[in-house]
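Colleague: Position one of the sequence shown corresponds to residue 37 (the working numbering), numbered consecutively onward.
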Amino acid sequence: MRTTRSSANAFAAILTVLVLTVPGTARAQEDHDHDHERASARHLGHGHDHGGFPEYVDVFFTHHAYLERKIHPRVQSTMADGDSEYEGSAELAWRFSERIGGEVAVPYAVTDPETDEGASGFGDVEVAPMVALVQDPERLLIVSARSGFVLPTGDEEEGLGIDGWGWEPALLLWKGFGSDRRGALQAGVGYDRIFSDRGDDEEEIVYNLAFSWWLPSNFIPIVEFNGVTPIGVEVEEPHEAGHPEALSAARGPLAAAHGGPEAGEDTLLAGTLGFRYAFANGQQWGGGVQVPLTGDDVFEARLVVGGILHLR
């Protein structure tokens, strides 16, 4: 497996600039609205009902185990072999009861805008019911099961959707730790399968791990690792879309793997560095940079920016 270094160094430099600039601006707004004591304790909650848990921090690509009512808008840009794809998405998460919730995600993608060969339009909608299996405030532990269904609403011929429909069951973990419960570990392991209409089904094992730490300034650094291992039969036919295969069927933390590495090829691992900033009204905004750490350079880098809008 090959490790990519140039893209990682370049985007790490960009992230450093963001880290040095954004917190100062946001902190100035915070000092205007609240004193330091309230700011330091803000991670304990914004008046939302967390059942004794501290305020949650949404990372960028790992699905969360907790149940909330929120809207999660985000924009991401993926670069591969000189081509690019831009995707905006809106995710609605809703907690129906203490243990039952669900999510609906709607993406809109623009592929290869620098040429006349690209496409734009809505992608595949995902509907995912969730069940909280374990909720233990004393141990700061949440374990949930998620079953995502990817509906073929995107144009597969234009590379905006998959061939068929997808099923993405996963087991998710959230574990708080550290002084004043400021740290959080989030993890997930799942099985993704595309039930193809024309070819062989595609299968992957997906695993994610993320760490976050809520600083007294309400600046939240995030480190995340995401992996995909293709399994099952090999995919023999190339993708038919009019843009690079590495950017096809963009969904999930390692979208390039869907239609990228075939079964039996190297596992694709990627790392993300980023941050969020928590505002007084409960919103969290931030960004991150994801680069491949191993694999065959399926994509060069992915930049993601987004926020969390809590609903009462």
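All C-beta atoms in this analysis are idealised placements derived from N, C-alpha and C, irrespective of residue type, glycine included.
Model, not experiment: these values are computed from the prediction.
1. Answer with buried or exposed for Phe13, where buried requires no fewer than 16 other C-beta atoms within 10 angstroms of its C-beta.
2. Give me, in chain order, the residues of the same chain whose beta-carbon lies closer than 7 angstroms to that of Ile267; leave out the 5 immediate sequence neighbours on both sides.
3. Residues in its own chain within less than 6 angstroms of Arg312 by CB, not counting five upstream and five downstream?
4. Hey, could you find the ends of the beta strand (DSSP E) Gln319 is sitting in?
5. For the region 119-205, list the beta strand (DSSP E) runs that are entirely contained and at least 3 residues long, ordered along the chain.
6. Where does Ser248 land, buried or exposed, given buried means 16+ other C-beta within 10 angstroms?
7. From Asp119 to Gln326, what distance separates their C-alpha atoms?
8. Pick from Leu251, Gly200, Leu245, Glu204: whose alpha carbon is nearest that of Arg234?
9. Kindly confirm or deny that the region 163-180 and the region 95-110 touch, where touching means at least three C-beta pairs closer than 8 angstroms.
10. Ordered along the chain, which non-local residues of its own chain (more than five positions away) have a Cβ less than 6 angstroms from that of Leu339?
11. When you compare each of Val225, Pro90, Glu127, Asp94 to His108 by their alpha carbons, which one comes out closest?
12. Count the CB pairs spanning the region 211-227 and the region 186-193 that are closer than 8 angstroms, and state whether there are at least three.
13. My output table needs one value for Ser253: the three-state DSSP class, helix, strand or coil.
14. Can you tell me which of Ile198, Ile136, Glu336 puts its alpha carbon nearest to the alpha carbon of Gly159?
15. Using DSSP with H/G/I as helix, E/B as strand and the rest coil, what is Asp228?
16. Excluding five sequence neighbours on each side, which residues of the same chain lie with their C-beta closer than 8 angstroms to the C-beta of Phe213?
17. Work out the CA separation of Glu193 and Ala306 for me, nearest whole Å.
Modeller: This is what the structure holds:
1. The requested residue 13 is not part of the displayed model; the chain covers only 37 to 348.
2. Only residues of its own chain outside the window of five on either side were considered, and among them Glu239, Glu240, Ile241, Ala299 have a CB closer than 7 angstroms to the CB of Ile267, listed in chain order.
3. Excluding positions up to five away in sequence, the list reads Ile256, Gln320, Gly322.
4. Neither: Gln319 is in no beta strand (DSSP E) and is coded neither H nor E.
5. Considered as a whole, the region 119-205 harbours 119-131, 136-147, 155-158, 161-172, 177-187 as its complete beta strand (DSSP E) runs of no fewer than 3 residues, in chain order.
6. Buried is the call here.
7. Rounded to the nearest angstrom, the gap between the Cα atoms of Asp119 and Gln326 is 16 angstroms.
8. Across the set Leu251, Gly200, Leu245, Glu204, the C-alpha of Gly200 shows the shortest separation from the C-alpha of Arg234.
9. As far as the Cβ criterion goes, the region 163-180 touches the region 95-110, which means the pair count is three or higher.
10. Cβ neighbours of Leu339 beyond the five flanking positions: Ser113, Val325.
11. Of the listed residues, the one whose Cα sits closest to His108 is Glu127.
12. As far as the Cβ criterion goes, the region 211-227 does not touch the region 186-193, which means the pair count is below three.
13. Residue state for Ser253 is assigned as coil, using DSSP reduced to three classes.
14. If we check each option's Cα against that of Gly159, Ile198 comes out closest.
15. In the three-state DSSP reduction, Asp228 falls in the strand class (E or B).
16. Within the same chain, Leu176, Gly219, Ala220, Leu221 come within 8 angstroms of Phe213 by CB-CB distance, once the 5 residues on both sides are set aside.
17. Rounded to the nearest angstrom, the two C-alpha atoms are 28 angstroms apart.
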